[in-house]
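*Asks:*
Protein chains: 4
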Amino acid sequence: MNEVQKPGGKRPIIIEAAVQVFSEKGYHNARIEEVAVAAGIGKGTVYEYFDSKLHLFQAVMENSVELYYDSIIPVEGTTLSFEERLRRLIESHVRFCQANRELTRIVFWDTEIMDSELKDWFLSLRKEKEDQLTEVIRQSIHKGELRQFDPYLMTVMLGGIITSLWGPITLDNWSIDAAELASSITDMIMQGVSA
Amino acid sequence: MNEVQKPGGKRPIIIEAAVQVFSEKGYHNARIEEVAVAAGIGKGTVYEYFDSKLHLFQAVMENSVELYYDSIIPVEGTTLSFEERLRRLIESHVRFCQANRELTRIVFWDTEIMDSELKDWFLSLRKEKEDQLTEVIRQSIHKGELRQFDPYLMTVMLGGIITSLWGPITLDNWSIDAAELASSITDMIMQGVSA
Amino acid sequence: MNEVQKPGGKRPIIIEAAVQVFSEKGYHNARIEEVAVAAGIGKGTVYEYFDSKLHLFQAVMENSVELYYDSIIPVEGTTLSFEERLRRLIESHVRFCQANRELTRIVFWDTEIMDSELKDWFLSLRKEKEDQLTEVIRQSIHKGELRQFDPYLMTVMLGGIITSLWGPITLDNWSIDAAELASSITDMIMQGVSA
Amino acid sequence: MNEVQKPGGKRPIIIEAAVQVFSEKGYHNARIEEVAVAAGIGKGTVYEYFDSKLHLFQAVMENSVELYYDSIIPVEGTTLSFEERLRRLIESHVRFCQANRELTRIVFWDTEIMDSELKDWFLSLRKEKEDQLTEVIRQSIHKGELRQFDPYLMTVMLGGIITSLWGPITLDNWSIDAAELASSITDMIMQGVSA
DNA sequence: TATGAATGAGCATTCATTCAT
DNA sequence: GATGAATGAATGCTCATTCAT
């Protein structure tokens, strides 16, 4: 017997298995037993650690989101130029997507089945991040770094651009260098596409 | 009974009801009976027109996508400037989202439950549209209207931006003029956000 | 196809089957599928008529109790002597037990699994009958037909005596004439057992 | 840890806890873990002393019945009058019910879940006691103390009367003096209720 | 053609029981 | 002996689908 798993140490194993199964099948098509099998444990054991399928999903979601936000280089809290901050944000995002394809899918796609409580938590978290970005944009406009646009609209657009990268990265096996991709996109956003 | 609906005329009624129910509850939480009730018909009648729940969803999807693409002013096939084409594309997209909130939700969100056949159809349709846009971008670069970027990357970005607008438009009650919004976004994309 | 069962006519069939299964196995050991099989229908059909296993049990209970009280000759509302009323009550009770062995078991034994709402209903019904009996006893004491005893205590005793007959009647296949048994018991109660 | 309990001394503790839990929840709604928690021990320990949940229940039953019969003043084996024997039996029964409400519930109500083996044991025990009572009644009839009735019928009735007292005693909070109650009932039985 | 009563495969969840520590 | 984490058989319930009318 390996001693890696101390009593109660099955929780992360189950979550890892659940990430795999949920991202592959989606919440509704995933069966608890599949998760158990993927985790190499019995079906009942899942219920020793999670009250229900939904609670398991919530834990997976929270875990995934936490990992994601821990990996992202935030735009606020530095003295760098907005362009450089944006480049770093995008690059870290791309790296995360490349390194955690399954997990990313859950964070960006399976949001619809969340119950209202989890949805509130998820949306408030997203709102918080959006607000931070909006504030940074507002300050950058104020500093004269950015043109006069509705900061919220800019936030929405940046969010759309970042999210749009997930598809090509994960679906089509886009093998592209994160730094290079981030630079191109940042340039496009900053300088525009017009000749 | 009113005779307004001719025999076989129930198909569009069912689809309309299904759009409503699917967009509200999502595919997995929607029950066929709900659709039937919303359509004002019997449960069994749904199966006279659609082989299965999935087939109904597929029909809804096809119908929605068709409506969507019919409403969108395409970028190709005109001699207008790229900027103007883009502006028109975005404006028509925003107008469609504002006019068909439920239906839009299905087109942009419920893609995950599609079976592989439908998914292939959906992705190939999307690919076709993307290819058209990519080609227009390539030509515009060639003409010197746009800077030298990977046309596909630009397509992905534009797709992300357009998609990102759905959230604010439908979730929050963003009451914004479509033309104005389209102009702002087009400007941002074309000239960039840098001061 | 026999036309005996009109649409919705399966309810009494299910109840009848449930009486059989519940009385034989008890509530907790009875499986819904057994009831369905006993009723000659599919498992899902049970749920077309009853929301849950508990609701089915409640319906069985209500049905049984109703049948029971409909069969019992009440002590109140006549001008007969108390002795004669008691004799009729006991005789009708015995007849019912003899004719409905399974059903009786449910009424007198499976009371413990009832949820609180059903229990309240059941106890209030019992209370009502007890109160009626108590009142009749009180009046009979007043008239001088009965000795001076606590009427409630007498009611409890009579209830115990009546209930105690169920065992011998159903378990041991006691083949005894109802009228004769009722007379013996009534005599015993009225005149006492002392020589 | 207190050393009050010697090794193996856990058996009575578990039984005591089980009496509590079983009487409160009933056999089927009681969980082994609840018993373990109530006993202040681990879940697995219960299985060191009892093979299964049913065996535990059997032990509880046997223990309860034993306690009950030990507390009851038997009708046989004395030279007292039948009336006095009966009065003592009832009084001791009432005292036991008042002192052991939970335990009594198990003896008189949870009989239905017993497996056939336990049921046989339980019924044979009851039969034995009934036979003793029936024999005493027979002798008393022979002596001329009691009227000419079917002794078995009289036994059944007495059993019903005694059992019926459990409800008022435990459910309602009937605070009544055991001796007084026993005298009333005995009088009622012996002299009858007729004026 | 339209219907909705009937169906049963499928799945989440419970909990008695086991066994490695 | 004592423990409680792990297990999986058992079962209530859902809902897409069928088919007799």
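Chains as they are written, first to last, in the working numbering: chain R, 617 to 811; chain B, 617 to 811; chain Y, 617 to 811; chain E, 617 to 811.
Don't be surprised by glycine CBs; every beta carbon is placed ideally from N, CA and C.
For a cutoff of 7 Å on Cβ pairs, would you count V772/R as touching chain B?
*Replies:* It does; some Cβ of chain B falls within 7 Å.
*Asks:* With DSSP collapsed to three states, give me the class of S740/R.
*Replies:* Residue state, collapsed to three classes: helix.
*Asks:* Could you check what DSSP says for S668/E in three-state terms: helix, strand or coil?
*Replies:* Coil.
*Asks:* Given that R763/Y touches chain E, what residues does it touch there, using C-beta distances under 9 Å?
*Replies:* Within 9 Å Cβ-Cβ: D803, M804, Q807, G808, V809, S810, A811.
*Asks:* Applying the 10 Å Cβ sphere with the 16-neighbour rule, what's the burial state of A652/Y?
*Replies:* A652/Y should be labelled buried.
*Asks:* Applying a beta-carbon distance threshold of less than 8 Å, which residues of chain Y neighbour E699/E?
*Replies:* Within 8 Å Cβ-Cβ: S810.
*Asks:* Less than 7 Å between the beta carbons of V676/B and I630/B, yes or no?
*Replies:* Contact: no.
*Asks:* Work out the CA separation of E699/R and E813/R for me, nearest whole Å.
*Replies:* Residue 813/R lies beyond the stretch modelled for chain R, which goes from 617 to 811, so this question has no answer here.
*Asks:* List the residues of chain R whose Cβ lies closer than 9 Å to the Cβ of P784/B, in chain order.
*Replies:* Residues of chain R passing the Cβ test: Y768, L769, V772.
*Asks:* What would DSSP say about S799/E, mapped onto helix, strand or coil?
*Replies:* In this structure, S799/E counts as helix in the three-state DSSP scheme.
*Asks:* Provide the residue(s) that pair with L762/E in DSSP beta bridges, ordered along the chain.
*Replies:* Answer is S810/Y, bridged to L762/E.
*Asks:* Using only CA atoms, which one of M773/E, W782/E, Q764/E, R627/E lies nearest to N716/E?
*Replies:* Nearest of M773/E, W782/E, Q764/E, R627/E to N716/E, Cα basis: W782/E.
*Asks:* Just the Cα atoms here: how many angstroms apart are F673/R and R703/B?
*Replies:* Computed Cα separation, rounded: 40 Å.
*Asks:* Exposed or buried, L696/E, counting other C-beta atoms within 10 Å across all chains shown (16 or more means buried)?
*Replies:* L696/E should be labelled exposed.
*Asks:* Could you compute how far the alpha carbon of M770/B sits from the alpha carbon of L797/R?
*Replies:* One C-alpha to the other measures close to 11 Å.
*Asks:* So which residues on chain E does T779/Y lean against when the C-beta distance must stay under 9 Å?
*Replies:* Neighbours of T779/Y on chain E, chain order: G776, T779, S780.
*Asks:* Which whole-angstrom value describes the C-beta separation of G776/Y and S780/E, a residue pair presumed to lie in contact below a C-beta threshold of 8 Å?
*Replies:* With a Cβ gap of about 2 Å, G776/Y and S780/E count as contacting.
*Asks:* Can you find a CB in chain E that lies within less than 7 Å of the CB of H644/Y?
*Replies:* Chain E contact via Cβ: present.
*Asks:* The ligand GDP heavy atoms versus the CB of H644/Y: any closer than 6 Å?
*Replies:* This structure lacks the ligand GDP, and indeed carries no ligand of any kind.
*Asks:* Nearest CA to the CA of L705/R: which residue from S799/R, S810/R, M804/R?
*Replies:* Selected option, being the one with the closest Cα: S799/R.
*Asks:* Using C-beta distances below 7 Å, list every residue in its chain close to L762/Y, excluding the 5 sequence neighbours before and after it, in chain order.
*Replies:* Excluding sequence neighbours, L762/Y sits near F698, I753, S756.
*Asks:* Could you tell me whether the Cβ atoms of S687/E and F724/E are closer together than 7 Å?
*Replies:* Not in contact: S687/E and F724/E (Cβ atoms no closer than 7 Å).
*Asks:* Against chain R, does G656/B count as a neighbour if the rule is that its beta carbon must be under 7 Å from one of theirs?
*Replies:* Chain R contact via Cβ: absent.
*Asks:* Smallest Cα separation from S594/R: which of K743/R, D803/R, A634/R, Q807/R?
*Replies:* The structure shown has nothing for residue 594/R, since chain R only spans 617 to 811.
*Asks:* Taking all protein chains shown into account, decide if F791/R is buried (16 or more other Cβ within 10 angstroms of its Cβ) or exposed.
*Replies:* The residue you asked about is not Phe; residue 791/R is Ser in the sequence shown. S791/R comes out exposed.
*Asks:* Would you report the Cα separation of Y665/E and L734/R, rounded to the nearest angstrom?
*Replies:* Cα-Cα distance, rounded: 45 Å.
*Asks:* Let me know the secondary structure DSSP gives M730/B once reduced to three states.
*Replies:* Here M730/B sits in coil by DSSP.
*Asks:* Just to make sure I have the definition right: I need the residues of chain R whose C-beta is within less than 9 Å of the C-beta of G760/B. Which are they?
*Replies:* Residues of chain R passing the Cβ test: A811.
*Asks:* Is DSSP giving H644/B helix, strand or coil here?
*Replies:* In the structure shown, H644/B sits in coil (DSSP, three-state: anything other than H, G, I, E or B).
*Asks:* Output the distance between the C-alpha atoms of E744/B and K659/Y, rounded to the nearest integer angstrom.
*Replies:* Taking the straight line joining both Cα atoms gives about 49 Å.
*Asks:* Between Q764/Y and G642/E, what straight-line distance do the alpha-carbon atoms span, to the nearest angstrom?
*Replies:* If you take the alpha carbons of Q764/Y and G642/E, they lie about 39 Å apart.
*Asks:* Within 10 angstroms of the Cβ of E692/R, are there 16 or more other Cβ atoms? Answer buried if so, exposed if not.
*Replies:* Exposed, by the Cβ-count rule.
*Asks:* Please list, in chain order, the chain E residues whose beta carbon lies closer than 9 Å to that of S800/Y.
*Replies:* F765, D766, L769, listed in chain order.
*Asks:* Would T694/B be called buried (16 or more neighbouring beta carbons within 10 Å of its own) or exposed?
*Replies:* Exposed is the call here.
*Asks:* Is the beta carbon of Q807/B closer than 7 Å to that of G760/R?
*Replies:* Going by C-beta atoms, G760/R is not nearer than 7 Å to Q807/B.
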